[in-house]
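Just below is one structure, and these are the notes that go with it.
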Amino acid sequence: MANTKKSLRNSKNVTELVTHPLISQLNHFLSCYLKPNQHVLLALSGGLDSSVLLHLLAAAKQTIPFELLAMHVHHGLSPNADAWADFCTQQCQLLNVPIEVVYVQLDKNSKQGIEAAARQLRYAALFDYKLNGIAPDFIVTAHHQDDQAETLFLQLFRGAGVKGLASMGGVDESRRLMRPLLDVSRQTLQEYAEQQNIPWCNDESNDNTQYERNFVRHDVMPVLTTRYPSVKSVLARTASHLAEANDLLDTLAKIDADKLLQNNSLCLQGLTALDLPRAKNLLRWWFSQNQLAMPTSEHLNEIIQQLFNAKADANINIQLQHLSLKRYQQRAYLFAECLAESFDMTWNGEAYLNLPNGGQLHFKQVVGSGLALKHGVTKLRITNRDGGERFKPDVLRPTRTLKHLLQEANIPPWQREHLPLIYWHDTLALVPNIGIAHELQATKNEEGLEILWQDI
0 MANTKKSLRN SKNVTELVTH PLISQLNHFL SCYLKPNQHV LLALSGGLDS SVLLHLLAAA
60 KQTIPFELLA MHVHHGLSPN ADAWADFCTQ QCQLLNVPIE VVYVQLDKNS KQGIEAAARQ
120 LRYAALFDYK LNGIAPDFIV TAHHQDDQAE TLFLQLFRGA GVKGLASMGG VDESRRLMRP
180 LLDVSRQTLQ EYAEQQNIPW CNDESNDNTQ YERNFVRHDV MPVLTTRYPS VKSVLARTAS
240 HLAEANDLLD TLAKIDADKL LQNNSLCLQG LTALDLPRAK NLLRWWFSQN QLAMPTSEHL
300 NEIIQQLFNA KADANINIQL QHLSLKRYQQ RAYLFAECLA ESFDMTWNGE AYLNLPNGGQ
360 LHFKQVVGSG LALKHGVTKL RITNRDGGER FKPDVLRPTR TLKHLLQEAN IPPWQREHLP
420 LIYWHDTLAL VPNIGIAHEL QATKNEEGLE ILWQDI
């Protein structure tokens, strides 16, 4: 329940606090990563940590120009869940911070366990958030120094590698995650909350030591602290050292990816040419770029075995959380499985169109390429394949079936099912990843319309 005896200071007091050391520290952190007027989404549980961060971010807005939003994810696990959602809404209203409460259904029998399942649903809601169709530039969480130390312990118990032991970084740009409080202890946050009369909610489940993190927090850390008073800061520093090592591994993975990764597919011939640890490092990095949790050592070895040693015509389909790992023509692909839907849409000048299968088309005016605008391309019809379509993107080659062109371009079968076709009047004008009808192509100095397809 919320500490209702305390009341949040008004915006005038928030303005007066901009010189507080915690706010100065936050300002320095934000100024290193935020560009003017970017949107920041705070994961607000209503607990001590995120309530303090809400207060700090509201104060930081006085000196750094950014848009602050908040989201509260309602899991429905506690009888107090409705009260927590109301509390978060009220506190955001006091600070003029827009908030969205998202309700999720948790499978209490999930093989992941309640903690992991709740965390996955929470992050899924945060990553799916869009304001007017646009995702926030950063998602901010209130993880602090104590969380970092606990995470390192938990990862040690699980036999994690360098990436896992690096725990949490201050910024994960690939996932748009920002954790500005990792150098701040929970005690410091509580002292600040009490000093500034910031209320927060107490989650009764935090005392249940059946949960791994609570066991480390309540039973392991106090014992270690009596012998090693600085154990939390030391463990956090160790995690920081491991994060530096992980950054070097990521740098190596990016070097390899520049040569082997194209359109989110991986060249298997090049991957097999790497030594095994380097190949595993690249796979881990690729999975991370696609917001996938790291597979266990055994699972990763199994993936390597199938990618490297399966017959050329083998139908490899390995499920990895929300994506499937497939192989086609000596390339590995990560793909979200979904049924192909029939659709028939009209483009009327929008910057982008969301497709029913989850993909997206982006439209941009350019010079010297794309659909020639001189033809009066103001409206386009977008639909999916019926079969039997014929297309001629190259004036020097004959008209051929689209099926043949897709096979020649080595486009995987599952992508062909979702491929959008762009028509101008009754003419098949553009096929993503294949080309533009030769008679409609913009020449060197002509204005054109570039259309890019972002698959699911």
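Taking numbering that gives the first Met the number 0, I'd label the letters of the sequence shown as residues 0 to 455.
Just so it is clear, CB atoms sit at the ideal spot from N, CA and C, and this is done for glycine as well.
In chain order, V366, G367 place their CB closer than 8 Å to the CB of N444, counting only its own chain and leaving out the 5 sequence neighbours on each side. If you check the CB distance, E340 and N314 do not come in under 7 Å. Sorting R330, A235, H298, V101 by C-alpha distance to the C-alpha of K129 places V101 at the top. Within the same chain, L248, L251, A252 come within 7 Å of N280 by CB-CB distance, once the 5 residues on both sides are set aside. With a cutoff of 7 Å on beta-carbon distance, Y332 and S264 are scored as near each other.
Contact annotation: the region 42 to 49 touches the region 181 to 188, with at least three C-beta pairs closer than 8 Å. For L223, there is no enclosing beta strand (DSSP E); the residue is found in the alpha helix (DSSP H) stretching over 220 to 226. Beta-bridge analysis with DSSP links A42 to M70. With contacts defined by Cβ atoms closer than 7 Å, L405 and R415 form a contacting pair. Relative to the Cα of I410, the nearest Cα in the group I433, G369, E349 belongs to I433. Out of V139, P392, L29, T377, the CA that lies nearest to the CA of E349 is found in T377. According to the DSSP assignment, P412 belongs to the alpha helix (DSSP H) that extends over 412 to 415. Note on geometry: alpha-carbon atoms of D454 and L125 lie some 21 Å from one another.
Short of 6 Å from the beta carbon of N245, and not among the five residues preceding or following it, lie these beta carbons of its own chain, in chain order: V161, K162, A165. T400 sits exposed, since fewer than 16 C-beta atoms from the chains shown fall within 10 Å of its C-beta.
The criterion of a C-beta distance shorter than 7 Å is not satisfied by T150 and A42.
Q329 is positioned such that its CB atom lies closer than 7 Å to that of Q268. Shown here, T237 sits in a helix according to DSSP, grouped into three states. With a contact defined as Cβ atoms closer than 8 Å, A436 and L448 miss out at about 13 Å. Going by DSSP, E446 is part of the beta strand (DSSP E) stretching over 446 to 453. Boundaries of the alpha helix (DSSP H) harbouring W83: 80 to 93, taken from the DSSP string.
In the three-state scheme derived from DSSP, where H, G and I count as helix and E and B as strand, L188 is classed as helix. About 13 Å separates the CB atoms of N201 and N207; that is not less than 8 Å, and the two are not in contact. Under the three-state reduction of DSSP, D171 is assigned to strand. Around the beta carbon of R283, 16 or more other beta carbons lie within 10 angstroms, which makes this residue buried. Straight-line measurement puts the Cα of M344 at about 39 Å from the Cα of A115.
Taking the CA atoms as reference points, N131 sits about 18 Å from A123. For A59, the enclosing alpha helix (DSSP H) starts and ends at 47 to 59.
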